[in-house]
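Quick notes on the structure that follows.
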Amino acid sequence: MNLSILNAMTLTERFRAAFITQDRWKLYLTGLGNTLLISLLAVIIGVVLGYIIAIVRFTNKTTGKLKFLNAIFKIYVTVIRGTPVVLQLFIMYFIILASMKSGIIVGAITFGLNSAAYVAEIARSGFESIDDGQMEAGRSLGLSGAQTMIRIILPQALRNTLPPLFNEFISLVKETAVVGYVGILDLGKVPGLVQSRTFDYLFPLLIASAMYLVVVMVLTLILHKLEKYLSKSDRVSHERIRDAGRANNE
Amino acid sequence: MNNPLISTVNLKKSFGTLNVLNGITLDVMPGEKVVIIGPSGSGKSTYLRCLNFLEIPTEGDVYFEGNLMSPKSNLNEYRKNVGMVFQHFNLFPHLTVMQNITLAPITMRKKDKTKPKVSSKQIKAEEEEKAMALLTRIGLADKAKAYPSTLSGGQKQRIAIVRSLAMNPKVMLFDEPTSALDPEMVGEVLSLMKEVADAGMTMIVVTHEMRFAKEVATRVLFMDDGVIRADGTPDQIFNHPEDDRLKEFLSKVL
Numbered sequence: 001m002n003l004s005i006l007n008a009m010t011l012t013e014r015f016r017a018a019f020i021t022q023d024r025w026k027l028y029l030t031g032l033g034n035t036l037l038i039s040l041l042a043v044i045i046g047v048v049l050g051y052i053i054a055i056v057r058f059t060n061k062t063t064g065k066l067k068f069l070n071a072i073f074k075i076y077v078t079v080i081r082g083t084p085v086v087l088q089l090f091i092m093y094f095i096i097l098a099s100m101k102s103g104i105i106v107g108a109i110t111f112g113l114n115s116a117a118y119v120a121e122i123a124r125s126g127f128e129s130i131d132d133g134q135m136e137a138g139r140s141l142g143l144s145g146a147q148t149m150i151r152i153i154l155p156q157a158l159r160n161t162l163p164p165l166f167n168e169f170i171s172l173v174k175e176t177a178v179v180g181y182v183g184i185l186d187l188g189k190v191p192g193l194v195q196s197r198t199f200d201y202l203f204p205l206l207i208a209s210a211m212y213l214v215v216v217m218v219l220t221l222i223l224h225k226l227e228k229y230l231s232k233s234d235r236v237s238h239e240r241i242r243d244a245g246r247a248n249n250e
Numbered sequence: 251m252n253n254p255l256i257s258t259v260n261l262k263k264s265f266g267t268l269n270v271l272n273g274i275t276l277d278v279m280p281g282e283k284v285v286i287i288g289p290s291g292s293g294k295s296t297y298l299r300c301l302n303f304l305e306i307p308t309e310g311d312v313y314f315e316g317n318l319m320s321p322k323s324n325l326n327e328y329r330k331n332v333g334m335v336f337q338h339f340n341l342f343p344h345l346t347v348m349q350n351i352t353l354a355p356i357t358m359r360k361k362d363k364t365k366p367k368v369s370s371k372q373i374k375a376e377e378e379e380k381a382m383a384l385l386t387r388i389g390l391a392d393k394a395k396a397y398p399s400t401l402s403g404g405q406k407q408r409i410a411i412v413r414s415l416a417m418n419p420k421v422m423l424f425d426e427p428t429s430a431l432d433p434e435m436v437g438e439v440l441s442l443m444k445e446v447a448d449a450g451m452t453m454i455v456v457t458h459e460m461r462f463a464k465e466v467a468t469r470v471l472f473m474d475d476g477v478i479r480a481d482g483t484p485d486q487i488f489n490h491p492e493d494d495r496l497k498e499f500l501s502k503v504l
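Residue numbers (the numbering used here), protein chains in the order written: chain A, 1 to 250; chain B, 251 to 504.
In structure tokens, the structure reads:
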């Protein structure tokens with residue numbers, strides 16, 4: 001019955017039904033806004049917690065301190081990386097954060113906690129990219145381990161890991177599409193909502209996919225610009241070293 | 251009589267089964283300029299690094315102004331008194347020259363609650379003024395706002411020396427300060443070190459610059475296989491060497 005109606009509609013009419021009628025485009029925009037909001041909050045939580053995990057691991061590795069915290073974080077990372085994020089979402093939404101009213105916040109916390117386990121790995125590589133001499137110089141000046149970490153190691157590690165962290169944000173934009181499973185209105189949830197009114201999946205799915213694609217492409221473009229900028233400022237400094245050396249020879 | 255500023259008693263350090271230091275006993279008096287020479291791998295750098303506990307000695311004691319130091323002592327307080335200059339400068343690339351110099355003194359003074367209360371702003375202003383005076387003295391005042399990556403190796407090392415001086419240390423350790431420099435930049439660093447020496451600083455210098463040892467050192471140590479094989483004035487070490495290993499070493503480097 002429904003199919004016969006669809007067959008009678010032109011593609012233009014089906015597109016209008018999916019996007020224009022009853023201002024349905026607003027639904028897509030709301031979904032997109034929520035997707036970006038969840039991803040942004042998640043990446044912020046992920047970076048902060050991920051870096052804390054990495055700092056604890058780094059401290060434990062270099063000084064042997066913080067054994068207990070290190071063990072807890074090890075288990076945390078293993079569990080997070082070893083279970084599907086959809087189940088983590090269910091556990092958060094239905095059990096741990098069941099009393100929380102805002103689904104968006106639940107989604108952001110779930111993906112933030114998930115992301116932290118992966119950011120910890122990125123941050124670890126960031127710390128390993130910093131020469132040991134930086135810590136030694138800080139300590140030899142009388143700064144404490146924590147002061148050296150905050151003032152000297154961390155700023156450099158953050159800069160070195162900006163591209164992979166931004167990449168993590170891009171991944172989150174796509175991965176968060178599963179929050180629709182618990183009724184959160186993100187962009188991934190919109191096609192189903194529209195289909196329930198129009199009985200037509202074709203255009204809602206195409207439109208939502210296209211929106212994801214455009215957002216990811218734009219973010220990727222920004223990422224490339226960022227990478228180029230960072231490597232250029234490195235290269236410039238190398239050239240300056242050479243030039244300064246030359247000036248000194250004269 | 252003066253008491254030694256820094257001394258070690260039977261200091262040993264091993265990495266796994268490799269014994270790098272095999273018992274170093276040494277008293278360094280205030281104002282002495284001790285230059286340590288010796289072949290690569292003889293333990294010179296490791297000894298310096300044990301003095302400020304960047305390496306933890308396996309055995310033996312380090313005394314500073316008569317007090318026994320250990321990893322459990324307040325090392326941050328101790329290290330303020332013991333400046334260190336590294337082979338690879340180790341300037342902080344994300345900070346300007348000015349920030350490189352003032353970071354530690356400003357951070358320490360803000361944390362120090364024993365002194366009468368001075369506002370953060372005033373501490374910053376005072377330390378920057380002090381740093382500027384030091385930079386002016388070495389002719390790099392115009393580089394205050396520059397980042398290390400824009401400096402030559404010689405400039406970097408001179409900034410590193412100034413950074414260390416800004417803490418008003420009582421002794422300065424130099425770990426092969428000119429080894430990573432292009433030959434034409436060695437002179438400017440050595441002359442700054444000479445200036446620091448002339449100003450009365452107690453110095454312990456690991457270097458391959460024999461001319462610097464002859465000109466500036468009040469005392470030269472020859473280290474080999476983790477022990478001090480010769481200890482004397484530059485004249486005794488360079489002109490009247492007695493130890494066979496020292497003679498062999500000098501014949502190669504002079």
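The beta carbon of each residue, even a glycine, is placed where N, CA and C say it ideally should be.
Given the structure is predicted, the values throughout are model-derived calculations rather than measurements.
Residue burial classification, residue i (beta-carbon count within 10 angstroms, cutoff 16)
{"i": "F314 (chain B)", "result": "buried"}
{"i": "E282 (chain B)", "result": "buried"}
{"i": "A18 (chain A)", "result": "buried"}
{"i": "P321 (chain B)", "result": "exposed"}
{"i": "G403 (chain B)", "result": "buried"}
{"i": "L213 (chain A)", "result": "exposed"}
{"i": "E379 (chain B)", "result": "exposed"}
{"i": "D448 (chain B)", "result": "exposed"}
{"i": "D432 (chain B)", "result": "exposed"}
{"i": "A247 (chain A)", "result": "Because A247 (chain A) sits at a pLDDT of 46, beneath the cut-off of 50, its placement in the model cannot be relied upon, and the following sentence gives the value as read from the coordinates. Per the 10 Å Cβ criterion, exposed."}
{"i": "F199 (chain A)", "result": "exposed"}
{"i": "A394 (chain B)", "result": "buried"}
{"i": "H490 (chain B)", "result": "exposed"}
{"i": "G107 (chain A)", "result": "buried"}
{"i": "P366 (chain B)", "result": "exposed"}
{"i": "S290 (chain B)", "result": "exposed"}
{"i": "F499 (chain B)", "result": "buried"}
{"i": "H238 (chain A)", "result": "Any reading at H238 (chain A) must be qualified, since the residue scores a pLDDT of 47, below 50, and its modelled position is unreliable; no value is offered."}
{"i": "D243 (chain A)", "result": "Confidence at D243 (chain A) is low in this model, with a pLDDT of 49, below 50, so the placement of that residue should be treated as unreliable; the coordinate-derived value is given next. Classification for D243 (chain A): exposed."}
{"i": "M358 (chain B)", "result": "buried"}
{"i": "F68 (chain A)", "result": "exposed"}
{"i": "E309 (chain B)", "result": "exposed"}
{"i": "E426 (chain B)", "result": "buried"}
Cβ-heavy atom distance, residue i to the ligand PLP, below 7 Å
{"i": "L29 (chain A)", "result": "Here there are no bound small molecules, and the ligand PLP is not part of this structure."}
Contacts around residue i, its chain only, beta-carbon distance under 7 Å, and the 5 residues preceding and following it disregarded
{"i": "I104 (chain A)", "result": "N34, L37, I38 and I184"}
{"i": "G316 (chain B)", "result": "N253"}
{"i": "M435 (chain B)", "result": "S402, G403 and G404"}
{"i": "M417 (chain B)", "result": "K330, G333, A354 and P355"}
{"i": "L345 (chain B)", "result": "L353"}
{"i": "G389 (chain B)", "result": "none"}
{"i": "N302 (chain B)", "result": "R329, V332, M334 and L423"}
{"i": "M92 (chain A)", "result": "V106, I109 and T110"}
{"i": "L66 (chain A)", "result": "V56, T59 and N60"}
Residues near residue i in its chain [Cβ-Cβ closer than 6 Å; skip 5 each side]
{"i": "G306 (chain A)", "result": "Any answer about residue 306 (chain A) is impossible in this case: the structure gives chain A only from 1 up to 250."}
{"i": "I256 (chain B)", "result": "V278, F314 and V421"}
{"i": "L27 (chain A)", "result": "V190"}
{"i": "E250 (chain A)", "result": "In this prediction, E250 (chain A) has a pLDDT of 37, which is less than 50 and means its spatial position is unreliable; nothing more can be read from the coordinates."}
{"i": "N350 (chain B)", "result": "L341, F342 and R413"}
{"i": "H338 (chain B)", "result": "A430"}
{"i": "T275 (chain B)", "result": "V259 and N260"}
{"i": "R81 (chain A)", "result": "A117"}
{"i": "V455 (chain B)", "result": "V285 and F424"}
Integer Cβ distance of residue i from residue j, believed to fall under 8 Å
{"i": "I170 (chain A)", "j": "L219 (chain A)", "result": "5 Å"}
{"i": "E305 (chain B)", "j": "K263 (chain B)", "result": "6 Å"}
{"i": "A42 (chain A)", "j": "L172 (chain A)", "result": "5 Å"}
{"i": "R495 (chain B)", "j": "D474 (chain B)", "result": "5 Å"}
{"i": "L230 (chain A)", "j": "P164 (chain A)", "result": "Not really, about 12 Å apart at Cβ, beyond 8 Å."}
8 Å CB neighbourhood of residue i in its chain, flanking five on each side removed
{"i": "R151 (chain A)", "result": "G138 and L143"}
{"i": "F166 (chain A)", "result": "L219, I222, L223 and L226"}
{"i": "L187 (chain A)", "result": "Y28, G31, L32, N34, T35, A177, A208, M211 and Y212"}
Check whether the stretch 123–135 of chain A touches the stretch 88–108 of chain A, taking contact to mean three or more Cβ pairs, one atom from each stretch, closer than 8 Å.
-> no
At which residue ranges does the stretch 255–323 of chain B contain complete beta strand (DSSP E) runs of 3 or more residues, listed in the order of the chain?
-> 256–265, 268–278, 283–287, 309–314 and 317–319
Report the residue ranges of all alpha helix (DSSP H) runs contained in full by the stretch 37–115 of chain A; include only those spanning at least 4 residues, in chain order.
-> 67–82 and 85–90
Given 8 Å as the limit, is there contact between the stretch 367–379 of chain B and the stretch 350–359 of chain B, that is, 3 or more CB pairs closer than that?
-> yes
Taking only runs of the alpha helix (DSSP H) that begin and end inside the stretch 373–435 of chain B, which ones reach a length of at least 4 residues, in chain order?
-> 403–415
Within the stretch 179–236 of chain A, note down every full alpha helix (DSSP H) run reaching 4 residues or more, in order along the chain.
-> 190–198
Any chance you could list the alpha helix (DSSP H) runs of at least 4 consecutive residues sitting entirely within the stretch 127–185 of chain A, in chain order?
-> 132–140, 145–148, 154–160 and 162–175
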